[in-house]
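Engineer: Numbering-wise (our numbering), the sequence shown opens with residue 669 and increments by one.
Cβ coordinates follow ideal geometry from the N, Cα and C atoms, glycine included.
Predicted model only: the values in this text are computed from it and were never measured.
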Amino acid sequence: MKARLFETHRIRRSFSVDPIWDFYTLDTDGNKGKHYQLAVPGCWESHPDLVTYRGKGLYTKTIRMGGTIRLNFKGVSHTADVYVDGEKVSHHYNAYTEFSVVLKNLELKDHIIEVEVDNSFHEESALHISNDYYSYGGITRPVIIEQLNAVYVENLQFTPIREGVKWQGKIKVTVANVSSEPITTTLSVRIGGSSDKKVYLRKELNLAVGQSQLIEEVLAIEDVKTYSLEEPILYYVQADLACNQVLMDDLRDRIGFREIAVEGRDIMMNGKKIIIKGFNRHEDYGSFGCAIPLEAMVRDIHLIESMGANCVRTCHYPNDERFLDLCDERGILVWEEAHARGLDEERMRHPNFERQSEECIREMILNHINHPSIYVWGILNECASDTEFGRRCYVKQFEQIRELDPSRPVTFAALESHMNSGLCLDLVDIVSFNIYPRWYNDTPVSECIESLKAAIEAGEGSGKPLLISEIGAGGIYGYRSREEDKWSEERQASILEEQLRAVLTDRDVSGVIIWQYADCRVDEGWFHVRPKSQNNKGIVDIYRRKKLAFDTVSKAFNA
Ligand code: ADA
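This is the structure:
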């Protein structure tokens, strides 16, 4: 199972783990229930017995391994406890960010890996709650098991810096000594195409037992072309570790030389203004749930591109890296977002909210910072940005993001009803609002936008770019009505036609992100406002069947 669309290692070896794991449901006392054999990655809801199962489950796999092993879980939904031969080696909360653990001095033999997974809305869970999307259960993203040598490249970050017509790059490499001896190793960093790379950094490191060292350098990069949406040219950054001229480890990632900036009311890419035409996309597909296979991700990209879009917002959580890789390759901009949706002040006061949010932001940026397609970091969608306590949470999270990545603008999608209480619009680089004129109210779209702009101008968001981060209407696939009554495809199409015409012709707006690309399953707690227990505002349904609005959006975006 590949976790990326390109090879990240030549030296470091990863095991190919058979994709079928043993699985047992667990009762609240941890007693095993029925036995299943489930695909990993996958959602347990894909099994006909487990479509609505919310609770605990146990995945088990026997793997022959030894020495120093790194277990890397790209996503487990949503609380994971990992055991090796019965000993707990890792715990992780949140379905949408990766985690890993290094096991040392393992005897070469069969070892039993067990992953206890919980997708219940347990009392420790501040971010996964009954919501207008579904928290699936399972090992829902790839599991990578790697054989390490004495040292390895733990993390590799690259930030492009534009200096006139030249490019620089800020490199941050973390190297770890996982042996039982102090070690001297030579780090070299290469940048270039898939074959011709130039060495830009060579450094000898002396690492004590168990020591990790961060190496930061700004490098002048030669002979590279700019990454643009029209020409999304990608390069590789590669870190190698050698001991006594013997290669011990390597890590390779893909990068693009592009600069995102905010100038006045404009979002700039490489010094040119861009207009965002995008979709909000939940990771949810037919009967795959959130464990969307690569072929289906590619299909989504083709459909999104065919409508003339240039952006995807990963509402409301960090996405699978393979999808981000596809956006990098296709020149589709990504608003990536830390996990939170519609948390009021009470929920933001949950004892675990701050720590779980902080972990999600750190893991999101640590692992996704190199993707050139990501142009903005988002947080706290429609949370309590209208209260002093809520504001303190926004302040703290934006500070953390700016500390981890000062190179990208930040934003959050605000509730329309907060437009006059804009307590947090001074904190963002880009002002974003979610509005639903003609759907949740019968306000003419242009009137809604005018009052939004007036409210922003009167507050702390004035003079900044404005994005309509959500706008749309419901339409049930296959429900047709010449009278255009609500939930019909015809009504959805005509509302979107008015919405997109008003937004895309308004020179004060830097773009629009439609809610939403595809229908998605929602938690049963939302059934009373969500026919079929789905959010039906997709332009395509959960199986990607086109609604009438598909043509409406294509016409507006391609105009
Ligand atoms: C909000 C929210 C979305 C979705 C949308 C809707 O803007 O951010 O997640 O719930 O409303 O469909 O009403």
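Should Lys1223 go down as buried or exposed, given a rule of 16 or more other Cβ atoms within 10 Å for buried?
Structural biologist: Burial call: exposed.
Engineer: Determine the burial state of His1196: buried for a count of at least 16 other Cβ atoms within 10 Å of its Cβ, exposed for fewer.
Structural biologist: Exposed.
Engineer: Got a sec: does ligand 1 put a non-hydrogen atom nearer than 6 Å to the Cβ of Glu1138?
Structural biologist: Result yes, Cβ under 6 Å from ligand 1.
Engineer: Give the DSSP bridge partners of Ala910, in chain order.
Structural biologist: Partner(s): Thr854, Leu915.
Engineer: Short of 8 Å in beta carbon distance, which residues of its chain neighbour Leu1072, apart from the five on each side in sequence? Order them along the chain.
Structural biologist: Cβ within range, chain order: Ile1029, Arg1030, Ile1033, Leu1034, Ile1037.
Engineer: Provide the residue span of the beta strand (DSSP E) that contains Val769, from first to last.
Structural biologist: Here the beta strand (DSSP E) through Val769 covers 767-786.
Engineer: Check whether the region 957-974 and the region 913-928 touch, using three or more Cβ-Cβ pairs below 8 Å as the test.
Structural biologist: In short, these stretches do not touch, since the Cβ pair count stays below three.
Engineer: What separation, rounded to the nearest whole angstrom, lies between the Cα atoms of Ser768 and Ile1139?
Structural biologist: Between Ser768 and Ile1139, the C-alpha separation is close to 38 Å.
Engineer: Looking at C-beta atoms only, is the number of pairs between the region 726-735 and the region 823-833 that lie closer than 8 Å three or more?
Structural biologist: Touching, no.
Engineer: Which same chain residues end up closer than 7 Å to Gln815 when comparing Cβ atoms and leaving out the 5 residues on each side of it in sequence?
Structural biologist: For Gln815, where only same-chain residues beyond five positions count, the Cβ hits under 7 Å are Arg681, Gly735, Ile737.
Engineer: Can Lys1154 be considered in contact with ligand 1, in the sense that its beta carbon sits closer than 6 Å to one or more heavy atoms?
Structural biologist: Answer for Lys1154: no, Cβ out of range of ligand 1.
Engineer: Can you look up Arg1030 in the DSSP assignment and give me helix, strand or coil?
Structural biologist: In the structure shown, Arg1030 sits in a helix (DSSP, three-state: H, G or I).
Engineer: Can the beta-carbon of Ala794 be found closer than 7 Å to that of Phe956?
Structural biologist: No, Cβ-Cβ distance for Ala794 and Phe956 is not below 7 Å.
Engineer: Could you check if Glu1067 belongs to the surroundings of ligand 1, using beta carbon to heavy atom distance under 6 Å?
Structural biologist: Checking the Cβ of Glu1067 against ligand 1 gives no.
Engineer: Here's a check: name, in chain order, each residue in its chain whose Cβ is nearer than 8 Å to the Cβ of Glu849, leaving out the five neighbours to either side.
Structural biologist: If we look at Glu849 and ignore the five residues flanking it on each side, its Cβ neighbours are Ala818, Val877.
Engineer: Between the beta-carbon of Thr1220 and the beta-carbon of Glu1165, is there less than 7 Å?
Structural biologist: Yes, Cβ-Cβ distance for Thr1220 and Glu1165 is below 7 Å.
Engineer: Take the Cβ of Lys1132 as the centre, count every other Cβ of all protein chains shown within 10 Å, and call the residue buried at 16 or more, exposed below.
Structural biologist: Looking at its Cβ environment, which holds 16 or more other Cβ atoms inside 10 Å, Lys1132 is buried.
Engineer: Hey, how far is the Cα of Met1228 from the Cα of Ile688?
Structural biologist: Look at the range of the chain in this structure, 669 to 1227, and you will see that residue 1228 is not part of it.
Engineer: Return the CA-CA distance between Val821 and Lys840, expressed in angstroms with no decimal places.
Structural biologist: So the two alpha carbons sit approximately 11 Å from each other.
Engineer: In three-state terms, what does DSSP make of Glu1004?
Structural biologist: Residue state, collapsed to three classes: strand.
Engineer: Short of 6 Å in beta carbon distance, which residues of its chain neighbour His760, apart from the five on each side in sequence? Order them along the chain.
Structural biologist: Within the same chain, His760 has close Cβ partners Ala748, Phe767.
Engineer: Here's the rule: buried if 16 or more other CB atoms are within 10 angstroms of the residue's CB, otherwise exposed. What is Leu994?
Structural biologist: Label assigned to Leu994: buried.
Engineer: Can you check DSSP and say which residues form a bridge with Trp835?
Structural biologist: Answer is Arg830, Ile889, bridged to Trp835.
Engineer: What number of angstroms, rounded off, separates the C-alpha of Arg1076 from the C-alpha of Gly725?
Structural biologist: Each residue's alpha carbon lies about 39 Å from the other.
Engineer: Should the region 905-914 be called in touch with the region 1104-1114, which here means at least 3 C-beta pairs below 8 Å?
Structural biologist: Short answer: they don't touch.
Engineer: Measuring straight from C-alpha to C-alpha, what distance separates Asn773 and Glu792?
Structural biologist: Their Cα atoms are separated by approximately 33 Å.
Engineer: Assuming Leu1095 contacts Tyr1062 (C-beta within less than 8 Å), just tell me the rounded distance between them.
Structural biologist: Contact holds; Cβ gap of about 6 Å.
Engineer: Could you tell me which of Arg1148, Ile859, Val930, Lys871 sits nearest to Arg922, measuring between CA atoms?
Structural biologist: Comparing Cα-Cα distances from Arg922 to each of Arg1148, Ile859, Val930, Lys871, the minimum goes to Ile859.
Engineer: Please list, in chain order, all residues of the same chain as Cys750 whose beta carbon is under 6 Å from its beta carbon, the five residues on each side excluded.
Structural biologist: According to the sequence displayed, residue 750 carries Val and not Cys. Same-chain partners within the cutoff: Val757, Ser758, Val783.
Engineer: Going straight from the alpha carbon of Asp1235 to that of Ile1136, what length do you get?
Structural biologist: As displayed, the chain neither begins before 669 nor continues past 1227, which places residue 1235 out of reach and without an answer.
Engineer: What's the call for Arg678, buried or exposed, on a 16-neighbour Cβ count within 10 Å?
Structural biologist: With fewer than 16 Cβ atoms within 10 Å of its Cβ, Arg678 is classed as exposed.
Engineer: Confirm the yes/no value for this check: CB of Glu636, any heavy atom of ligand 1, distance under 6 Å.
Structural biologist: Residue 636 lies beyond the residue range present for the chain, which begins at 669 and ends at 1227; the question has no answer from this structure.
Engineer: Please name the residue or residues paired with Met937 in a DSSP beta bridge.
Structural biologist: Partner(s): Ile928, Lys940.
Engineer: Does the beta carbon of Asp778 fall short of 6 Å from some heavy atom of ligand 1?
Structural biologist: Every heavy atom of ligand 1 is 6 Å or more from the Cβ of Asp778, so no.
Engineer: Under 8 Å Cβ to Cβ from His703, same chain only, skipping five residues before and after it: list those, please.
Structural biologist: Once the five neighbours on either side are set aside, the close Cβ partners of His703 are Asp690, Phe691, Tyr692.
Engineer: Could you give the C-beta distance for Gly1179 and Gln1160, rounded to a whole number, given that I count them as a contact under 8 Å?
Structural biologist: Their Cβ separation, rounded to whole angstroms, is 21 Å, which puts Gly1179 and Gln1160 out of contact at 8 Å.
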